[in-house]
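Chemist: Have a look at this one.
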Amino acid sequence: MVIRSVLVRCRGAEWYDSEFAPHLGRLALVGFPYTMVTMFSLKGATIVELPFDVLRISLPLLPYFLIMFMVSFVMSMALGFSYEKNITVSFTAASNNFELAIALAIGVFGISSGQALAAVVGPLIEVPVLVGLVYVSLYIGRRFYGLSNASK
23 MVIRSVLVRC RGAEWYDSEF APHLGRLALV GFPYTMVTMF SLKGATIVEL PFDVLRISLP
83 LLPYFLIMFM VSFVMSMALG FSYEKNITVS FTAASNNFEL AIALAIGVFG ISSGQALAAV
143 VGPLIEVPVL VGLVYVSLYI GRRFYGLSNA SK
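If you read the sequence shown in the working numbering, its first letter stands for residue 23, the second for the next number, and so on.
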């Protein structure tokens with residue numbers, strides 16, 4: 023928000039939207055893998071050494087992602103949202119800001135804390151579940167919205 027405000031004041035909204043913002047998407051493609059590599063380099067050994075703790079942390083996350091996605095989907099459909107808006111709302115509701123959670127857990131509790139481990143385990147569950155939900159959303163598009171061009 024700060025960068026946007028400063029750049030819009032200095033260069034204008036049109037320049038920001040047409041010239042600067044498109045490059046941010048490319049940074050996100052690099053930033054996410056960087057975050058994942060950093061997370062697992064910090065806690066990888068602990069994840070391997072304590073598989074039952076990882077499982078215990080993971081158990082509530084799987085139903086959380088599924089419930090949030092489905093409740094958001096049903097509510098959005100009941101409100102008459104288009105497929106595109108419905109799926110956007112559903113994925114936004116189901117996903118979390120684990121990267122921020124990791125930074126906060128490490129900053130507040132320390133790198134070797136249980137809180138940091140719990141924050142690192144989140145993406146281990148979140149990423150594969152959300153990839154699975156992509157396939158669910160494609161099926162939903164075909165089944166409930168009559169989209170024939172949704173990938174099979």
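All C-beta atoms in this analysis are idealised placements derived from N, C-alpha and C, irrespective of residue type, glycine included. These numbers were taken from a predicted model, which means no experiment stands behind them.
1. Out of curiosity, what's the CA-to-CA distance linking residue 163 and residue 169?
2. From 167, 101 and 53, pick the residue whose C-alpha is nearest to that of residue 122; which is it?
3. Could you name the residues of the same chain whose beta carbon sits closer than 7 Å to that of residue 68, not counting the 5 residues immediately before and after it, in chain order?
4. Rounding to the nearest angstrom, what Cα-Cα distance links residue 87 and residue 151 in this structure?
5. Roughly how many whole angstroms lie between the Cα atoms of residue 174 and residue 91?
6. Return helix, strand or coil for residue 108, following the three-state DSSP convention.
7. Identify every run of the alpha helix (DSSP H) within the segment 40 to 90, keeping only runs that are complete inside it and at least 4 residues long; order them along the chain.
8. For residue 157, which of helix, strand or coil comes out of DSSP?
Modeler: A quick look at the data gives this:
1. 5 Å
2. Here the closest residue by C-alpha is 53.
3. Taken in chain order, the residues that qualify are 139.
4. 7 Å
5. Because the pLDDT at residue 174 is just 49, under 50, the model does not fix this residue reliably, and the value given afterwards should be weighed accordingly. Roughly 20 Å between the two C-alpha positions.
6. helix
7. 43 to 71 and 73 to 80
8. helix
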